[in-house]
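Okay, structure first, notes after.
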Amino acid sequence: MRARRQLIKVLTEPFTVVESVTVGLACNAQEAFDFMWDPDASRVLHSDAFHGTTLPGTPARAVGEVQVFLSRPGGVLRGTMMEVQSLVEGRRAVTRTITDTLDNLQVLDILPLDEESCSLTQEFSTVVPAGASTDYVATLHADHRRTLDELAVTLVGQFGRGGAPTA
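Heads up: take any position in the sequence shown, counting from 1, add 355, and you land on the working numbering.
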């Protein structure tokens with residue numbers, strides 16, 4: 356019997372997958388920021404999450420803070436740790452996932468629109484190394500997109516739709 360050969364397209368250089376969502380919320384910017392900052396809010400934001408906390412011994416609400424999240428996607432226990440890379444209190448936070456083999460960044464930007472509404476943008480970026488399948492890149496794009504779309508729906512459910520249109 357003759358073996359079948361299949362060509363697989365792979366990346367020849369690293370590629371960064373970037374997806375984001377922007378949503379207008381009916382709450383002030385600080386309220387949205389406080390909610391998104393709280394690791395325990397992961398239980399509201401993700402149906403399979405059951406615990407979120409700040410790692411003891413790391414700076415609280417500052418660069419270097421490590422947030423720990425526990426979830427059960429598909430019934431499998433998963434732990435994720437994110438380290439705060441930069442912080443502009445009430446406006447912007449950049450975190451890096453430190454429990455993944457890929458370089459993952461999450462960027463949160465919140466802009467006040469008025470006293471009672473804000474615009475929240477969440478961005479995910481992942482650097483995929485050379486040699487990875489292009490199918491993997493497409494899957495990662497789709498996963499990020501789905502997660503961000505679900506986030507937008509959850510946030511509007513939590514706070515109501517505010518001033519800015521959803522993009």
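Ideal Cβ positions, reconstructed from N, Cα and C, are used throughout, including at glycine.
message: When you compare the CB positions of Gly419 and Glu438, do they come within less than 9 angstroms of one another, or not?
response: Counting from one through the sequence shown, the residue named residue 419 turns up at place 64. Counting from one through the sequence shown, the residue named residue 438 turns up at place 83. For Gly419 and Glu438, yes; Cβs fall inside 9 angstroms.
message: Since Arg468 and Gly517 should fall inside the 8 angstroms C-beta cutoff, what is the C-beta to C-beta distance between them, to a whole number of angstroms?
response: Numbered from 1 along the sequence shown, position 113 holds the residue referred to as residue 468. Numbered from 1 along the sequence shown, position 162 holds the residue referred to as residue 517. Looking at the sequence shown, residue 468 is not Arg but Leu. For a cut-off of 8 angstroms, the C-beta gap from Leu468 to Gly517 is around 7 angstroms, short enough to register as a contact.
- prompt: Can you give the Cα-Cα distance for Leu442 and Leu362, rounded to whole angstroms?
  reply: The residue labelled residue 442 in the question sits at position 87 within the sequence shown. The residue labelled residue 362 in the question sits at position 7 within the sequence shown. About 45 angstroms.
- prompt: For Thr489, which residues from the same chain have a beta carbon less than 6 angstroms from its beta carbon, with the 5 sequence-adjacent residues on both sides left out?
  reply: For the purposes of this step, residue 489 is taken as the residue at position 134 of the sequence shown. Hits under 6 angstroms: Lys364.
task: Since I believe Val378 is in contact with Leu510 (beta carbons under 8 angstroms), could you give me their beta-carbon distance rounded to a whole number of angstroms?
output: If you number the sequence shown from 1, residue 510 lands on position 155. If you number the sequence shown from 1, residue 378 lands on position 23. Right, their Cβ atoms sit about 6 angstroms apart.
- request: Look up Thr450 in the DSSP assignment and give the residues it is bridged to.
  value: What you label residue 450 is simply residue 95 of the sequence shown in a count that begins at 1. According to DSSP, which records beta bridges pairwise, Thr450 is partnered with Val439 and Gln461.
message: Looking at the secondary structure, which residues open and close the beta strand (DSSP E) in which Ser375 lies?
response: Taking the sequence shown and counting its residues from 1, the one referred to as residue 375 is at position 20. That run of the beta strand (DSSP E) goes Phe370 to Leu380.
- prompt: By Cβ distance, which residues of its chain are closer than 8 angstroms to Phe405, with the 5 residues on each side in sequence left out?
  reply: Walking along the sequence shown from the start, residue 405 turns up at place 50. Around Phe405: Arg398, Leu425, Ser426 and Arg427.
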